[in-house]
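Residue numbers for the sequence shown follow the working numbering, so the first one is 3 and each next one is one higher.
Using N, Cα and C, we set each Cβ at its ideal position, and we do this for glycine too.
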Amino acid sequence: WVLSDFEIGKPLGRGKFGHVYLARERRSSQIVALKVLFKSQLKQSQVEHQLRREVEIQSHLRHPNILRLYGYFYDQTRVYLILEYAAKGELYKELTRCKHFSERRSATYIASLARALIYLHGKHVIHRDIKPENLLIGAQGEIKIADFGWSVHTFNRRRTMCGTLDYLPPEMVEKTEHDYNVDIWSLGILCYEFLYGVPPFEAKEHSETYRRIVKVDLKFPLKPFVSPAAKDLISQMLVKNSAHRLPLHKVLEHPWIVQNAD
Ligand SMILES: CC(C)CCNC(=O)Cn1cc(-c2ccc3c(-c4nc5ccccc5[nH]4)n[nH]c3c2)cn1
């Protein structure tokens, strides 16, 4: 591939390492998201090897709920990533607009993400940052893990964006080793945030969030109304001992998912 193979459109996002543009591949007319990274910035941040590893991993992933990396190329000064275009944009903007999602929409997203995580764990890939900023929505409303990996932020970063602790499980906050079960914790956080519009351990100060996470200080507000089944699932995922978190295949069998996911 070379840059002239593409017609470049509007910017879709910008971040630490470069920008993402809407683009159309000339021969096929296929619409893609073209991410442009500056070699100079990659070099000074020593992320070239991490980028190569991420590209290697992502180029082999094929799942309806994981954003595709179709290919990459580079020129003198930049690296270009040819990414799947998600027609309905960023999930966190939709969550901000709706305040919180319905139980059906939340359960549908959580089921899709659980299946994507089962697929990733099957390929020995863990800790895909599944916070709202890393999720996109496809043309049919399906959720897609974009995994910005080393934090490429899109426009109007969210309040908790700068080094959000909200999604980290106790074992990561306490710096012990972590395993696949970190993703179950993050999925629980996400489920709570879909239903209530805020993550469960949010606090003004990082130190307070930290304390609430390690204590698993889980509280369910009275508003908006959330069914007992949903709270039961969240409570089985946000468990301090990572070995006792509900396994992903059990998430898919949970009554709240079975009754609400499309
Ligand atoms: C290291 C590399 C292999 C990781 C690959 N993944 C990324 O680079 C993560 N990433 C995805 C994007 C991204 C950002 C926005 C979009 C969009 C998109 N669609 C939109 C529709 C409306 C408004 C905004 C939109 N952004 N589609 N695909 C995207 C992809 C930016 N970084």
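Simplified DSSP state of residue 13, which is helix, strand or coil: On the sequence shown, residue 13 is found 11 positions in, with the first residue counted as 1. Residue state, collapsed to three classes: strand.
Residue 234, buried or exposed, once every other Cβ within 10 Å from all chains shown has been counted against 16: In the sequence shown, the residue the question calls residue 234 occupies position 232. The residue is exposed, with fewer than 16 neighbouring Cβ atoms inside 10 Å.
Residue nearest to residue 189 in terms of C-alpha spacing, selected from 126, 62, 133, 68: Counting from 1 along the sequence shown, the entry for residue 189 is found at position 187. It is 133 whose Cα lies nearest to the Cα of residue 189.
Closer than 6 Å: residue 72 CB and nearest ligand 2 heavy atom: Ligand 2 is not part of the structure shown, which contains ligand 1 as its ligands.
Residue range of the unbroken alpha helix (DSSP H) whose run includes residue 113: Here residue 113 corresponds to residue number 111 of the sequence shown, with the count starting at 1. Element bounds for residue 113: 105-124.
Cβ-Cβ separation, residue 82 to residue 5 (assumed contact under 8 Å), whole Å: For this step, residue 5 is matched to residue 3 along the sequence shown. For this step, residue 82 is matched to residue 80 along the sequence shown. 7 Å between Cβ atoms; contact.
Same chain only: Cβ atoms within 6 Å of residue 24, ignoring 5 sequence neighbours per side: Within the sequence shown, residue 24 is the residue found at index 22, counting from 1. Beyond the five residues adjoining it in sequence on each side, residue 24 comes within less than 6 Å, by CB distance, of 11, 12, 14 in the same chain, given in chain order.
Separation of residue 198 from residue 226, as counted between CA atoms: Stepping through the sequence shown from its first residue, residue 226 is reached at position 224. Stepping through the sequence shown from its first residue, residue 198 is reached at position 196. Looking at the two C-alpha atoms, the distance is approximately 7 Å.
Per DSSP, the bridge partner or partners of residue 86: Start at 1 with the first residue of the sequence shown, and residue 86 comes out as number 84. BP columns for residue 86 point to 34.
N-terminal and C-terminal residue of the alpha helix (DSSP H) that residue 55 is part of: What you label residue 55 is simply residue 53 of the sequence shown in a count that begins at 1. Its alpha helix (DSSP H) spans residues 50-61.
Cα-Cα separation between residue 192 and residue 44, rounded to whole angstroms: Residue mapping note: residue 192 aligns to position 190 of the sequence shown, counting from 1. Residue mapping note: residue 44 aligns to position 42 of the sequence shown, counting from 1. Taking the straight line joining both Cα atoms gives about 30 Å.
CB of residue 103 within 7 Å of CB of residue 196, strictly: Your numbering for residue 103 matches position 101 in the sequence shown. Your numbering for residue 196 matches position 194 in the sequence shown. Yes, they are a contact pair.
Minimum C-alpha distance to residue 144 - residue among 87, 168, 200: Position 142 of the sequence shown, counted from the start, is the residue given in the question as residue 144. Nearest of 87, 168, 200 to residue 144, Cα basis: 87.
Boundaries of the alpha helix (DSSP H) in which residue 196 is found, first to last residue: Looking up residue 196 in the sequence shown gives position 194. Counting along the chain, the alpha helix (DSSP H) containing residue 196 begins and ends at 183-198.
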